[in-house]
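Residue numbers (the numbering used here), protein chains in the order written: chain D, 153 to 353; chain S, 153 to 353.
Backbone N, C-alpha and C define an ideal beta-carbon position, used for all residues, glycine too.
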């Protein structure tokens with residue numbers, strides 16, 4: 153498996169990467185407790201994208217596991233979830249954070265957020281997202297209780313844990329290192345950190 | 153509470169209704185086991201709409217209950233969930249059915265579906281949806297097990313059960329009587345049925 157350059161997604165920022173069908177992206181939780189909001193769009197038509205509500209219906213499960221096909225809003229496989237070295241707690245339920253979220257949490261100044269990071273990351277490669285789909289929140293630990301109540305847990309991952317997602321179609325992968333520093337969603341220290349990724353051919 | 157005309161949403165079809173802030177919509181599960189995919193869009197800007205992923209984050213719960221504020225993708229209250237005579241099993245997890253879903257279930261001819269019903273219902277009142285948001289699936293019974301596995305349950309509602317949703321902003325409410333007749337999501341008979349609604353001032 154040929155590995156190319158290791159690329160940094162700085163803390164609190166977004167990055168987009170083009171994947172050809174057959175290539176994979178390896179996303180490394182370098183410091184161990186950073187949530188990465190993840191999206192994928194068809195390179196041919198950005199209105200087709202990885203969709204959490206279609207994924208749950210297809211898997212008949214809230215959480216995707218390594219081995220699962222990840223599907224779009226047209227129920228086609230966009231990525232194969234090949235590897236996961238973490239305990240497998242990711243999240244499909246929660247929206248990307250946004251300026252509205254931080255305003256409700258008491259922020260009066262602008263706060264970095266995953267929704268704006270998605271749009272900025274795509275603009276950086278000359279594209280525009282038609283919307284902000286519900287993200288696959290890698291390593292975000294949202295336990296669901298019996299009554300359907302959810303909690304904002306700390307990640308169960310450790311430094312160096314990674315996932316490998318292999319493209320089933322030409323697509324654009326987008327990552328945001330979640331800038332949440334008010335709730336302990338990125339660990340008890342509430343300190344967003346950088347992560348790294350590689351494109352694998 | 154002034155009640156106006158009782159309006160039918162035929163089986164397998166969609167209808168849209170304009171609500172002014174302060175008005176409410178009462179949706180009646182006339183025959184008792186019909187799932188209604190429900191959406192709401194801001195009348196001023198259709199890119200703001202009731203959003204399941206933002207709702208779950210706000211409620212910190214998978215299911216909304218009577219008494220809850222239902223929020224948009226800008227985390228503003230669009231509707232107040234005022235009344236629910238059913239046991240309260242609705243669904244926020246599953247995508248609206250679509251042609252891709254029915255193709256995967258083996259249909260070779262066109263099958264009515266909630267996604268197309270949304271778009272047709274809005275066109276009928278001169279509007280266009282910017283996308284098909286994840287719906288609030290009224291009376292759709294999706295039990296979630298401890299491992300996060302989901303089931304396609306039959307509705308727990310009975311004939312005449314209703315919900316009342318009161319508009320917190322001028323909005324467009326859209327309903328689709330889910331045409332699913334392959335899985336027992338609309339009851340064991342797999343027979344989609346009409347429902348009715350009223351606008352309450």
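> Under 8 Å Cβ-Cβ, which residues of chain S neighbour residue 300 of chain D?
Replying inline: 213, 214, 215 and 296
> What's the C-alpha gap between residue 326 of chain D and residue 333 of chain D?
Replying inline: 21 Å
> Would you say residue 252 of chain D reaches chain S, if we count a Cβ-Cβ gap shorter than 8 Å as a contact?
Replying inline: yes
> How far does the alpha helix (DSSP H) with residue 348 of chain D in it reach, from first residue to last?
Replying inline: Residue 348 of chain D -> not in any alpha helix (DSSP H); beta strand (DSSP E) instead, spanning 347 to 352.
>> I'd like the list of long-range same chain contacts for residue 182 of chain D, defined as Cβ closer than 8 Å, with 5 residues on each side in sequence excluded.
In response: 311, 312, 345, 346, 347 and 348
>> My parser needs the beta strand (DSSP E) runs of 3 or more residues fully inside the stretch 254 to 327 of chain D; what are they?
In response: 288 to 290 and 313 to 319
> Along chain D, which residues have their Cβ under 9 Å away from the Cβ of residue 242 of chain S?
Replying inline: The premise fails here: residue 242 of chain S is roughly 11 Å from chain D at the closest Cβ pair, so nothing lies under 9 Å.
> Given that residue 206 of chain D touches chain S, what residues does it touch there, using C-beta distances under 7 Å?
Replying inline: 247
> Terminal residues of the continuous alpha helix (DSSP H) containing residue 208 of chain D?
Replying inline: 204 to 211
> What are the start and end residues of the beta strand (DSSP E) that includes residue 199 of chain S?
Replying inline: Run containing residue 199 of chain S: none; DSSP gives neither H nor E here.
> CB residue 176 of chain S to CB residue 317 of chain S, shorter than 8 Å?
Replying inline: yes
> Can you list the residues of chain S that residue 227 of chain D reaches, using a CB-CB cut of under 7 Å?
Replying inline: 252, 253 and 256
> Could you give the uninterrupted runs of the alpha helix (DSSP H) lying entirely in the stretch 160 to 198 of chain S, keeping only those of 4 residues or more?
Replying inline: none
>> Would residue 203 of chain S pass as an interface residue toward chain D - the criterion being a Cβ-Cβ separation below 8 Å?
In response: yes
>> Starting from residue 230 of chain D, trace the beta strand (DSSP E) in both directions and tell me its first and last residue.
In response: 229 to 236
>> Under 8 Å: do the stretch 217 to 228 of chain S and the stretch 293 to 308 of chain S share three or more Cβ pairs, one atom per stretch?
In response: no
> If we ignore side chains and look at the alpha-carbon of each, how far apart do residue 172 of chain D and residue 166 of chain S end up?
Replying inline: 39 Å
> Between the stretch 290 to 299 of chain S and the stretch 247 to 256 of chain S, do three or more beta carbon pairs fall short of 8 Å?
Replying inline: no
> Of all the CB atoms in chain D, is at least one closer than 8 Å to the CB of residue 283 of chain S?
Replying inline: yes
> Nearest chain D C-beta to residue 354 of chain S closer than 8 Å, yes or no?
Replying inline: Limits of chain S in this structure are 153 at one end and 353 at the other, which puts residue 354 of chain S out of reach.
>> Between residue 308 of chain D and residue 168 of chain D, how many whole angstroms is the CB-CB distance? I'm expecting something under 8 Å.
In response: Going by Cβ atoms, the distance from residue 308 of chain D to residue 168 of chain D rounds to 27 Å, so no, they are not a contact pair.
> To the nearest angstrom, how far is it from the Cα of residue 339 of chain S to the Cα of residue 267 of chain D?
Replying inline: 39 Å
>> So, under 8 Å CB-CB, residue 329 of chain D and residue 162 of chain D are touching, yes? Tell me the CB distance rounded to an integer number of Å.
In response: 7 Å
>> List, in chain order, every chain D residue whose beta-carbon is nearer than 7 Å to that of residue 209 of chain S.
In response: 246 and 247
> What does residue 329 of chain S pair with, by DSSP beta-bridge criteria?
Replying inline: S:188
> Using a beta-carbon distance cut-off of less than 7 Å, what residues from the stretch 264 to 275 of chain S approach chain D?
Replying inline: none
> Taking buried to mean at least 16 other C-beta atoms within 10 Å of its own C-beta, is residue 160 of chain D buried or exposed?
Replying inline: exposed
> With respect to the beta strand (DSSP E) encompassing residue 245 of chain D, which residues constitute its N-terminal and C-terminal limits?
Replying inline: Residue 245 of chain D -> no beta strand (DSSP E), and no H or E assigned at all.
> For residue 204 of chain S versus residue 229 of chain S, is the C-beta spacing smaller than 8 Å?
Replying inline: no
> If you pair each beta-carbon of the stretch 229 to 241 of chain D with each one of the stretch 269 to 284 of chain S, do three or more pairs fall below 8 Å?
Replying inline: no
> Going by beta carbon distance, what residues of the same chain come within less than 6 Å of residue 210 of chain D, once the five residues before and after it are set aside?
Replying inline: 223
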